[in-house]
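The numbers in our numbering rise by one with no breaks, and the one at position 236 of the sequence shown is 756. Where a beta carbon is used, it is the ideal one built from N, C-alpha and C, also for glycine. Below: one structure, written as structure tokens.
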Amino acid sequence: DLPHLDDYITRGEAHGVTDLRRLSAAEARALEPELACAGALWSPSTGIVDSHALMLAYLGDAERHGAVLALRSRVTSGQVVRGPGGDAGIALQVAGEDGTPMQVLCNIVVNAAGLGAQTVAHSIKGVDGVAVGPIPPLYYAIGHYFSLAGRSPFKHLVYPAGSGSALRAHVTLDLAGQCRFGPDLSWRDGVDYRFDGSREASFYDSVRRYYPALKDGELQPAYTGIRPRLSGPDGSINHADTDFVMADEAVHGVKGLVNLFGFESPGLTASLAIADDVVRRLAVV
521 DLPHLDDYIT RGEAHGVTDL RRLSAAEARA LEPELACAGA LWSPSTGIVD SHALMLAYLG
581 DAERHGAVLA LRSRVTSGQV VRGPGGDAGI ALQVAGEDGT PMQVLCNIVV NAAGLGAQTV
641 AHSIKGVDGV AVGPIPPLYY AIGHYFSLAG RSPFKHLVYP AGSGSALRAH VTLDLAGQCR
701 FGPDLSWRDG VDYRFDGSRE ASFYDSVRRY YPALKDGELQ PAYTGIRPRL SGPDGSINHA
761 DTDFVMADEA VHGVKGLVNL FGFESPGLTA SLAIADDVVR RLAVV
């Protein structure tokens, strides 16, 4: 896996990350004494963020600029409407908590519905009555996380190198210092967050590759998350891109509509950059 480290440095530098540094095994253990490795890549500018505080900050900024957050409001359908000069916008049918529909005429629609993005996209019809496409298929990739009982042996995030493995559970730390391992990768037929306890044995095997001191019984089921994948369990890719697909007017021909497909991790980390890209595609300021 060591050659992957140089590849990560090259990719990082190509995207403006200039502080990545190769570490020997001894240098890595000086930072993390419990870590078993042949070498490592050190990223001093990597950190964690309070996701809920970040979302509240986003909401505060949006509200100061006149935005209104409407929760429990479901888009049931949409229709591209034309005016005398061409596109007039998109008429969305939105149902509130009691199911009563209302129409909202929009100049701009950004479909960032995550696991529901394909459903929303299929519900928006063009002037010809056909769904605005292309719309890639959706695959439900579930990831399990196990927490570590007791004090965390690590002070930093730890990511095993390499690719092509369905299970390379990495170390995540929350703001309280609690250590978790995950995610793995398996598939569901829909939105199903049930925790599969049979994954435990494979987690022990995976984590012990870099944390051999892990004792039996120290892993506890934590939670699951589902990623909106565009490539299926057989590895086939049914779209030109495998993730982070922004389908804008250049793709589907509808002015003011951007569909976001396959936005999984690190969608939260990249959220500001994603927003900048969406704004650029919409040609708004």
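For this session: Report the three-state DSSP secondary structure of Phe-764 (helix, strand or coil).
Result: Locating residue 764 in the sequence shown gives position 244, where the first residue counts as 1. DSSP places Phe-764 outside both helix and strand once states are collapsed to three, so it counts as coil.
Exercise. What three-state label does DSSP hand Arg-584 in the structure shown?
Worked result: Your numbering for residue 584 matches position 64 in the sequence shown. DSSP places Arg-584 in helix when its eight states are reduced to three.
Exercise. In three-state DSSP terms, what is Ile-610?
Worked result: Position 90 of the sequence shown holds residue 610. Correct three-state label for Ile-610: strand.
Problem set entry | C-alpha distance - Ala-742 paired with Gly-649, whole-angstrom precision | To locate residue 742, count along the sequence shown from 1; it is residue 222. To locate residue 649, count along the sequence shown from 1; it is residue 129. Rounded to whole angstroms, Ala-742 to Gly-649 spans 45 Å at the Cα level.
For this session: Let me know if Ser-718 comes out buried or exposed under the rule of 16 or more other beta-carbons within 10 Å of its beta-carbon.
Result: For this step, residue 718 is matched to residue 198 along the sequence shown. Classification for Ser-718: exposed.
Exercise. Among Gly-776, Arg-800, Ser-751 and Ala-803, which one has its Cα closest to the Cα of Phe-783?
Worked result: Mapped onto the sequence shown, residue 783 falls at position 263. For the residues Gly-776, Arg-800, Ser-751 and Ala-803, the minimum Cα distance to Phe-783 belongs to Ser-751.
For this session: Could you work out which residue in Tyr-665, Asp-694 and Arg-801 is closest to Glu-720 when comparing CA atoms only?
Result: Residue mapping note: residue 720 aligns to position 200 of the sequence shown, counting from 1. Nearest neighbour of Glu-720 by Cα position, chosen from Tyr-665, Asp-694 and Arg-801, turns out to be Tyr-665.
Problem set entry | Under the three-state DSSP convention, the category Gln-623 falls into | In the sequence shown, counting from the first residue as 1, residue 623 sits at position 103. DSSP places Gln-623 in the strand class (E or B) of the three-state scheme.
For this session: Report buried or exposed for Leu-777, applying the criterion of at least 16 other Cβ atoms within 10 angstroms of its Cβ.
Result: If you number the sequence shown from 1, residue 777 lands on position 257. Leu-777 counts as buried, since at least 16 other C-beta atoms from the protein chains shown sit within 10 angstroms of its C-beta.
Exercise. Out of curiosity, what's the CA-to-CA distance linking Val-537 and Gly-603?
Worked result: Residue 537 sits at position 17 when you count from the first residue of the sequence shown. Residue 603 sits at position 83 when you count from the first residue of the sequence shown. If you take the alpha carbons of Val-537 and Gly-603, they lie about 46 Å apart.
Exercise. Between which two residues does the beta strand (DSSP E) containing Leu-561 stretch?
Worked result: Within the sequence shown, residue 561 is the residue found at index 41, counting from 1. Where Leu-561 is concerned, the enclosing beta strand (DSSP E) stretches over 559–562.
Exercise. Does the Cβ of Ser-685 have 16 or more other Cβ atoms within 10 Å, making it buried, or fewer, making it exposed?
Worked result: Here residue 685 refers to the residue found at position 165 when the sequence shown is read from its first residue. With a pLDDT of 47 at Ser-685, under the threshold of 50, the modelled position of this residue cannot be trusted; read the value that follows with caution. Result: exposed.
Problem set entry | Simplified DSSP state of Tyr-713, which is helix, strand or coil | By 1-based counting over the sequence shown, the position of residue 713 is 193. Note: Tyr-713 maps to coil in three-state DSSP.
Problem set entry | Whole-angstrom distance between Val-629 and Ile-794, CA atom to CA atom | Locating residue 794 in the sequence shown gives position 274, counting from the first residue. Locating residue 629 in the sequence shown gives position 109, counting from the first residue. The alpha-carbon atoms of Ile-794 and Val-629 are separated by roughly 15 Å.
Exercise. Are Gly-702 and Gly-663 close, meaning C-beta to C-beta below 9 Å?
Worked result: The residue given as residue 702 occupies position 182 in the sequence shown. The residue given as residue 663 occupies position 143 in the sequence shown. The answer is yes: Cβ separation under 9 Å.
Problem set entry | Cβ separation of Glu-552 and Val-678, assumed to be a contact under 8 Å, to the nearest whole Å | Position 32 of the sequence shown, counting from 1, holds the residue named residue 552. Position 158 of the sequence shown, counting from 1, holds the residue named residue 678. Between Val-678 and Glu-552 the Cβ distance is about 7 Å, and since that is below 8 Å, they are a contact.
Exercise. Can you name the residues that DSSP bridges to Leu-739?
Worked result: Locating residue 739 in the sequence shown gives position 219, counting from the first residue. Leu-739 pairs with Leu-668.
For this session: Verify whether the separation of the beta carbon atoms of Leu-543 and Ile-529 is less than 9 Å.
Result: Taking the first residue of the sequence shown as 1, we reach residue 543 at position 23. Taking the first residue of the sequence shown as 1, we reach residue 529 at position 9. It is not a contact, given that the beta carbons lie outside the stated cut-off.
Exercise. Which of helix, strand or coil does DSSP assign to Gln-599?
Worked result: Your numbering for residue 599 matches position 79 in the sequence shown. Residue state, collapsed to three classes: strand.
Exercise. Can Ala-632 and Arg-747 be called in contact, C-beta distance under 9 Å?
Worked result: By 1-based counting over the sequence shown, the position of residue 632 is 112. By 1-based counting over the sequence shown, the position of residue 747 is 227. No.
Exercise. Is it right to say Ser-772 is buried, meaning 16 or more other beta carbons lie within 10 angstroms of its own, or is it exposed?
Worked result: Position 252 of the sequence shown holds residue 772. Reading the sequence as shown, one finds His at residue 772 and not Ser. Counting the other CB atoms within 10 Å of its CB gives His-772 a total of 16 or more, which places it among the buried residues.
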